[in-house]
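Since the structure comes first, as structure tokens, the remarks are kept for the end.
Chains as they are written, first to last, in the UniProt record's numbering: chain A, 1 to 79; chain B, 1 to 251.
See the structure below:
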């Protein structure tokens with residue numbers, strides 16, 4: 001697993017207070033990890049801070065799973 | 001009841017009549033209070049006056065010009081740095097007026113009042129909410145005005161800003177409720193301060209005639225309402241507008 005994926009996972013575990021084993025790539029923040037809409041906004045803000053990237057509103061809306069977050073950040077970092 | 005020991009509060013407009021009494025009351029309940037305003041010297045006088053009875057170490061002064069967006073954005077962080085702890089209570093009390101009939105109102109009169117009385121409180125709410133949501137606790141108290149509900153000739157800008165503040169507060173209350181953060185509004189009536197001293201005597205007499213309790217409000221009439229809404233005991237009150245106006249309007 002990439003460094004970015006590890007860090008994303010850690011942030012998700014920390015913010016949502018869920019068990020690490022539940023944070024699989026396909027896990028949906030809302031459906032599988034019990035996040036509410038405010039949690040998802042806070043997660044995006046935490047990603048922005050941790051990775052020094054800016055995630056615009058329309059992109060943030062599409063980040064619904066752990067994999068979505070990892071892919072988006074990896075793409076931003078590669079660019 | 002209503003003790004605020006160990007809590008840090010930021011009060012904007014703390015050099016004004018209502019603001020200094022809010023700061024004094026929060027401090028008397030045990031809170032650490034950061035006083036903000038544009039005039040550093042006046043803020044320091046107010047802090048010295050409040051601290052004269054003891055607890056001076058729980059008072060901090062943090063000047064900011066809220067007409068400057070960047071200064072408003074930075075105020076929460078600098079207040080927390082001064083106090084050495086995160087804010088538990090934000091009181092958006094700062095405000096200004098540029099009264100004139102609408103047909104004579106310049107864009108600048110409109111914009112300045114909306115900037116300081118509505119945009120700046122929003123900026124402060126936004127900044128403070130980040131931490132409050134994470135900590136699952138917080139109290140935001142916005143000081144609006146009765147004219148935000150009733151309107152007032154000559155105050156289209158001020159009334160619009162204050163009505164906006166009420167709507168903003170209700171929205172934030174819905175966003176933050178799930179995290180135990182409350183957002184409430186206090187709508188003072190006509191209070192004897194520098195802001196109302198400029199009204200002509202005839203208008204003041206007419207105003208008092210329309211107040212069932214038969215007098216203008218004093219600056220200290222608002223502070224107890226702030227203490228209540230800031231307290232743990234008010235934990236089930238959010239999105240409310242508390243009218244403190246001597247009965248002048250009963251919406």
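Even glycine gets a Cβ: it sits at the ideal position worked out from N, Cα and C.
In angstroms, rounded to a whole number, what distance separates the CA positions of residue i and residue j?
i: residue 17/B; j: residue 211/B; result: 20 Å
i: residue 238/B; j: residue 225/B; result: 14 Å
i: residue 91/B; j: residue 139/B; result: 8 Å
i: residue 143/B; j: residue 89/B; result: 13 Å
i: residue 217/B; j: residue 186/B; result: 14 Å
i: residue 103/B; j: residue 159/B; result: 16 Å
i: residue 240/B; j: residue 208/B; result: 26 Å
i: residue 99/B; j: residue 39/B; result: 22 Å
i: residue 161/B; j: residue 118/B; result: 5 Å
i: residue 11/A; j: residue 178/B; result: 21 Å
i: residue 33/A; j: residue 52/B; result: 53 Å
i: residue 175/B; j: residue 70/B; result: 24 Å
i: residue 141/B; j: residue 46/A; result: 27 Å
i: residue 234/B; j: residue 222/B; result: 16 Å
i: residue 127/B; j: residue 202/B; result: 43 Å
i: residue 108/B; j: residue 114/B; result: 10 Å
i: residue 17/A; j: residue 72/B; result: 33 Å
So, for residue i: in the same chain, excluding its five sequence neighbours on each side, which residues have a beta-carbon less than 6 Å away from its beta-carbon?
i: residue 44/A; result: 55 and 60
i: residue 96/B; result: 116
i: residue 182/B; result: 139 and 238
i: residue 78/B; result: 62
i: residue 156/B; result: 102
i: residue 94/B; result: 12, 13 and 66
i: residue 173/B; result: 183, 238 and 239
Would you mind stating whether residue i and residue j have Cβ atoms separated by less than 8 Å?
i: residue 123/B; j: residue 67/B; result: no
i: residue 35/B; j: residue 227/B; result: no
i: residue 169/B; j: residue 152/B; result: no
i: residue 25/A; j: residue 77/A; result: no
i: residue 146/B; j: residue 243/B; result: yes
i: residue 80/A; j: residue 9/A; result: No statement about residue 80/A is possible, as the shown extent of chain A runs from 1 to 79 and does not include it.
i: residue 121/B; j: residue 8/B; result: no
i: residue 180/B; j: residue 215/B; result: no
i: residue 75/B; j: residue 83/B; result: no
i: residue 37/B; j: residue 13/B; result: yes
i: residue 31/B; j: residue 150/B; result: no
i: residue 48/A; j: residue 2/A; result: no
i: residue 199/B; j: residue 247/B; result: no
i: residue 39/A; j: residue 29/A; result: yes
Looking at chain C, is there any beta carbon in it that lies within less than 8 Å of the beta carbon of residue i?
i: residue 133/B; result: Absent here is chain C; the protein component of the structure consists of chains A and B.
Keeping to the same chain, check which residues put their C-beta closer than 8 Å to that of residue i; ignore five residues upstream and five downstream.
i: residue 23/A; result: 9, 12, 13, 33 and 66
i: residue 196/B; result: 190, 204 and 216
i: residue 70/A; result: 2, 4, 5, 8 and 25
i: residue 53/A; result: 47, 73, 76 and 77
Item to complete: Would you be able to state if there are at least three C-beta pairs under 8 Å between the segment 61-69 of chain A and the segment 4-11 of chain B?
Response: Taking one beta carbon from each stretch, the segment 4-11 of chain B and the segment 61-69 of chain A have fewer than 3 pairs nearer than 8 Å; the two do not touch.
Fill in: Residues within the segment 175-192 of chain B neighbouring chain A, beta-carbon criterion of under 9 Å
175, 176, 178 and 179
Worksheet item: Is the segment 187-206 of chain B in contact with the segment 8-27 of chain B, if contact means three or more CB pairs nearer than 8 Å?
Response: yes
Practice prompt. Spell out a yes or no on whether the segment 58-75 of chain B and the segment 33-47 of chain B are touching, meaning 3 or more CB-CB pairs, one atom from each, closer than 8 Å.
Written response: yes
Worksheet entry | chain A contacts from the segment 96-114 of chain B (Cβ-Cβ distance under 7 Å) | Taking 7 Å as the Cβ-Cβ cut-off, the segment 96-114 of chain B has no residue approaching chain A.
Worksheet item: What residues in the UniProt domain "Carrier" (2-77) of chain A bring their beta carbon closer than 7 Å to a beta carbon of chain B?
Response: 36, 38 and 42
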